[in-house]
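Note sheet for the following structure.
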Amino acid sequence: MSAPGSLRWGPIAGVVAALLVVLGVCGSLGAWQWSVGTHGGEPVEAADAVPLADVLAPASPAEGGVGKSVTVSGAFALADAALVGGGRVIDGTEAVLVVRPFTVAADATGTEETATLPVVVGWVPADDLSRVGSPSGATELTGYLRGSEGASVSTTEGAPAGTFLADTLSPAVFAQHWDSPMYSALLVADTPEDGLNPIPAPEPETELNFRSIVYAFEWWLFGAFFLFVAVRWIRDNGRVAPETADRDEPSPDVPTDAATASAAVKEGSP
Amino acid sequence: MTPDPRPAVTPGALTRYKVMAIVTGSLLILVFLGMLRYLPGLDSLEASLDPTMFLLAQIHGFVYMVYLVTVLQLWLQAKWGYGRLFTMFLGGIIPFLSFVIERRIADELDPAKEAA
């Protein structure tokens, strides 16, 4: 029924359907990586801050809560502040993070009892520890949750009055100085304490961005590859072929308009 | 008029394909070796291996894209079937496959060129 040169709708529809599926998969995976890459894997925006109790309970693993922007109510406890050094460098300066215990109000923990949340309130240069003052009277904090680091030893030796020294941001270490129960993650306060430097945005995010954007482009390139092959296939096989194969087609770049292609084959076939 | 039964494959396209097949295949083997650390009992290697593996996987991603371009060019010139294209496509994903195909394609094309 099909004369040479007429369109083979069945196979074309099949290839187009398969292509659409592949393009959909590659396109959406690329778009997803792109959004991860450009918005950051961990949303750190005060705009969508949620109450702490929604994402993290005291004394339980932080898993999903890390990176979330949260609000919390309570008051800073009067216990010693942690000065966490460990050789970290911020803006080219050896820095010491200042972490204070924040007693989360009983109605804000989700467990009906108060709990202690370690709050990173800012940093000071390692040679200027005297800048650490006393806690603010804030009762509402906003910030993002960051995961704990490994355990280390803490000491009050050599620490300014009202503080102790540690090498890592570890609630397990802070628990030796502060009231239990403790949260297993830390809050990085959006607003630094008076006299302290603000904590810069977390470092790993830039790496994550780069990787995700690269993956996005790779997915789209994959899609383009399949698009090319499908177009090629339809061009080659989309019409009912004459008896002989057109192997002497001069170059793949020559447009194979159906009429000229079939005519050329009829004349040039062996 | 008798058409040349062996379509024109330019030496450049063949060379580019061969080089990329070997580079992609070698990188892929390295990436797969790196994945062995996910086996139970090898967790301790995570910290030392992960940064390198991350870099290698990134490089493999880019190299694979270049490999696909060389594959397309050679495939277009040689006018192979779609099965062959698919096998060449898989060559950058399945370890050692690219070496096998590269060998076969080289064997197939080289004598033909001498005969032509």
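The listed protein sequences derive, respectively, from chains A and B. Read in order, the letters of the first sequence are residues 1431 to 1700 in this note's numbering. Read in order, the letters of the second sequence are residues 3 to 118 in this note's numbering. All C-beta atoms, glycine included, are put in the ideal place defined by N, C-alpha and C. Just so you know, these numbers come straight off a predicted model, no measurement behind them.
Let me know the secondary structure DSSP gives B:ILE61 once reduced to three states. As a first step, residue 61 of chain B must be located in the second sequence, where it is residue number 59. Of the three classes helix, strand and coil, the one that applies to B:ILE61 here is helix, per DSSP.
Would you check if the distance between the CB atom of A:ALA1509 and the CB atom of A:GLY1573 is smaller than 9 Å? The residue given as residue 1509 of chain A occupies position 79 in the first sequence. The residue given as residue 1573 of chain A occupies position 143 in the first sequence. No; because the gap between Cβ atoms is not below 9 Å, this pair is not in contact.
Can you find a CB in chain A that lies within less than 9 Å of the CB of B:MET37? Working through the second sequence from its first residue, we reach residue 37 of chain B at position 35. Chain A, which has no Cβ nearer than 9 Å to the Cβ of B:MET37, makes this no.
Using a Cβ-Cβ cut-off of 9 Å, state whether A:GLU1587 counts as contacting chain B. Here residue 1587 of chain A is taken as the residue at index 157 of the first sequence, counted from 1. No, A:GLU1587 does not count as interfacial toward chain B.
Starting from B:SER84, find everything on chain A with Cβ-Cβ shorter than 7 Å and list it in chain order. Along the second sequence, one-based indexing puts residue 84 of chain B at 82. Correcting the residue identity first, residue 84 of chain B is Tyr in this sequence and not Ser. Result: TRP1663.
Counting only beta-carbon atoms, is B:PHE98 nearer than 9 Å to chain A? Position 96 of the second sequence, counted from the start, is the residue given in the question as residue 98 of chain B. No, B:PHE98 does not count as interfacial toward chain A.
Do the CB positions of A:ALA1631 and A:SER1600 come within less than 9 Å of each other? Counting from one through the first sequence, the residue named residue 1631 of chain A turns up at place 201. Counting from one through the first sequence, the residue named residue 1600 of chain A turns up at place 170. Not in contact: A:ALA1631 and A:SER1600 (Cβ atoms no closer than 9 Å).
Which whole runs of the beta strand (DSSP E) in the stretch 1508-1545 of chain A are 3 residues long or more, in chain order? 1511-1514 and 1523-1534
For the beta strand (DSSP E) that A:ARG1561 lies in, which residues bound it at each end? Counted from its first residue, the first sequence places residue 1561 of chain A at position 131. If you look at A:ARG1561, you'll find it isn't in any beta strand (DSSP E); DSSP assigns it neither H nor E.
Between the C-alpha atoms of B:MET22 and A:GLY1515, what's the straight-line distance to the nearest angstrom? In the second sequence, counting from the first residue as 1, residue 22 of chain B sits at position 20. In the first sequence, counting from the first residue as 1, residue 1515 of chain A sits at position 85. B:MET22 and A:GLY1515: Cα-Cα distance of roughly 48 Å.
Our contact map puts A:LEU1482 next to A:LEU1657 with C-beta atoms below 8 Å; I'd like the distance itself, whole angstroms only. As a position in the first sequence, residue 1482 of chain A is number 52, starting the count at 1. As a position in the first sequence, residue 1657 of chain A is number 227, starting the count at 1. Not a contact, Cβ separation roughly 47 Å.
Top-ranked residue by Cα proximity to A:TRP1649, from A:GLY1454, A:ARG1518, A:GLU1587 and A:TYR1613: The count along the first sequence starts at 1 and reaches residue 1649 of chain A at position 219. Checking every option, the nearest Cα to that of A:TRP1649 belongs to A:GLY1454.
Kindly say whether B:GLY14, judged by its beta-carbon, lies nearer than 9 Å to any beta-carbon of chain A. As a first step, residue 14 of chain B is located in the second sequence; it is residue number 12 there, counting from the start. With 9 Å as the cut-off, B:GLY14 does not count as an interface residue toward chain A.
Which residue or residues does DSSP assign as beta-bridge partners of A:THR1585? On the first sequence, residue 1585 of chain A is found 155 positions in, with the first residue counted as 1. A:LEU1595.
Any Cβ of chain A within less than 9 Å of the Cβ of B:GLY93? As a first step, residue 93 of chain B must be located in the second sequence, where it is residue number 91. No, its Cβ sits nowhere closer than 9 Å to a Cβ of chain A.
Cα separation between A:VAL1526 and A:ARG1561? By 1-based counting over the first sequence, the position of residue 1526 of chain A is 96. By 1-based counting over the first sequence, the position of residue 1561 of chain A is 131. Distance between the alpha carbons of A:VAL1526 and A:ARG1561 is about 11 Å.
DSSP bridge partner residues for B:ARG106 (one or two, in chain order): Working through the second sequence from its first residue, we reach residue 106 of chain B at position 104. Answer is none; B:ARG106 lacks a bridge partner.
When we look at the beta-carbon of B:MET90 and count the other beta-carbons within 10 Å, is it buried (16 or more) or exposed? Within the second sequence, numbered from 1, the residue matching residue 90 of chain B stands at position 88. So B:MET90 ends up on the buried side.
Residues sharing a beta bridge with A:PHE1506, DSSP: Along the first sequence, read from residue 1 onward, the residue named residue 1506 of chain A stands at position 76. Answer is A:PHE1532.
From the DSSP output, in three-state form, read off A:GLU1493 for me. Numbered from its first residue, the first sequence carries residue 1493 of chain A at position 63. It is helical.
B:THR26 - containing beta strand (DSSP E), residue span: If you number the second sequence from 1, residue 26 of chain B lands on position 24. Per DSSP, B:THR26 lies in no beta strand (DSSP E); the unbroken alpha helix (DSSP H) holding it starts and ends at 13-37.
Roughly how many angstroms separate the alpha carbons of A:TRP1553 and A:ASN1627, rounded to a whole number? Taking the first sequence and counting its residues from 1, one reaches residue 1553 of chain A at position 123. Taking the first sequence and counting its residues from 1, one reaches residue 1627 of chain A at position 197. The alpha-carbon atoms of A:TRP1553 and A:ASN1627 are separated by roughly 5 Å.
Distance, Cα to Cα, B:GLN79 vs A:GLY1577? Locating residue 79 of chain B in the second sequence gives position 77, counting from the first residue. Locating residue 1577 of chain A in the first sequence gives position 147, counting from the first residue. One C-alpha to the other measures close to 55 Å.
Counting along the chain, where does the beta strand (DSSP E) carrying A:LEU1392 start and finish? What the structure shows of chain A is the stretch from 1431 to 1700, and residue 1392 of chain A is not part of that stretch, so it cannot be assessed.
Under a three-way DSSP split, which group does A:ARG1438 fall into? If you number the first sequence from 1, residue 1438 of chain A lands on position 8. It is coil, neither helix nor strand.
Can you check which of these residues, B:SER50, B:THR72 and B:LEU30, is closest to B:ILE61 by C-alpha distance? Here residue 61 of chain B is taken as the residue at index 59 of the second sequence, counted from 1. Comparing Cα-Cα distances from B:ILE61 to each of B:SER50, B:THR72 and B:LEU30, the minimum goes to B:LEU30.
Residues of chain A with CB closer than 8 Å to the CB of B:MET22, please, in chain order. Along the second sequence, one-based indexing puts residue 22 of chain B at 20. Residues of chain A passing the Cβ test: none, with the nearest at roughly 14 Å.
Determine, for B:LEU30, whether the minimum Cβ-Cβ distance to residues of chain A falls below 9 Å. By 1-based counting over the second sequence, the position of residue 30 of chain B is 28. Output row for B:LEU30: interface = no.
How many Å lie between A:ARG1662 and B:THR17 at the Cα? Sequence index remark: in the first sequence, residue 1662 of chain A carries index 232 (1-based). Sequence index remark: in the second sequence, residue 17 of chain B carries index 15 (1-based). Taking the straight line joining both Cα atoms gives about 23 Å.
When you compare only the Cα positions, how much space is there between B:LYS20 and B:TYR84? For the purposes of this step, residue 20 of chain B is taken as the residue at position 18 of the second sequence. For the purposes of this step, residue 84 of chain B is taken as the residue at position 82 of the second sequence. Distance between B:LYS20 and B:TYR84, taken at the CA atoms: about 19 Å.
Taking DSSP as the reference, what is the three-state secondary structure of A:LEU1486? Position 56 of the first sequence, counted from the first residue, corresponds to residue 1486 of chain A. Coil, per DSSP.
Leaving out the 5 sequence neighbours to the left and right, which residues in its chain are closer than 6 Å to B:LEU57 when beta-carbon positions are compared? Translated into positions along the second sequence, residue 57 of chain B becomes position 55. Closer than 6 Å at Cβ, skipping near neighbours: no residue.
Is there a C-beta anywhere in chain A that falls below 9 Å from the one on B:PHE64? Along the second sequence, one-based indexing puts residue 64 of chain B at 62. For B:PHE64, the answer is yes, since a Cβ of chain A falls inside 9 Å of its Cβ.
Would A:HIS1607 and A:SER1642 qualify as a contact pair, given that the criterion is a beta-carbon distance under 9 Å? Taking the first sequence and counting its residues from 1, the one referred to as residue 1607 of chain A is at position 177. Taking the first sequence and counting its residues from 1, the one referred to as residue 1642 of chain A is at position 212. The answer is no: Cβ separation not under 9 Å.
Between A:ARG1669 and chain B, is any beta-carbon pair separated by less than 9 Å? What you label residue 1669 of chain A is simply residue 239 of the first sequence in a count that begins at 1. No - not a single Cβ of chain B is within 9 Å of the one on A:ARG1669.
Under 9 Å between C-beta atoms, does A:LEU1657 make it to chain B? The residue you call residue 1657 of chain A lines up with position 227 of the first sequence. No, because no Cβ of chain B sits closer than 9 Å to the Cβ of A:LEU1657.
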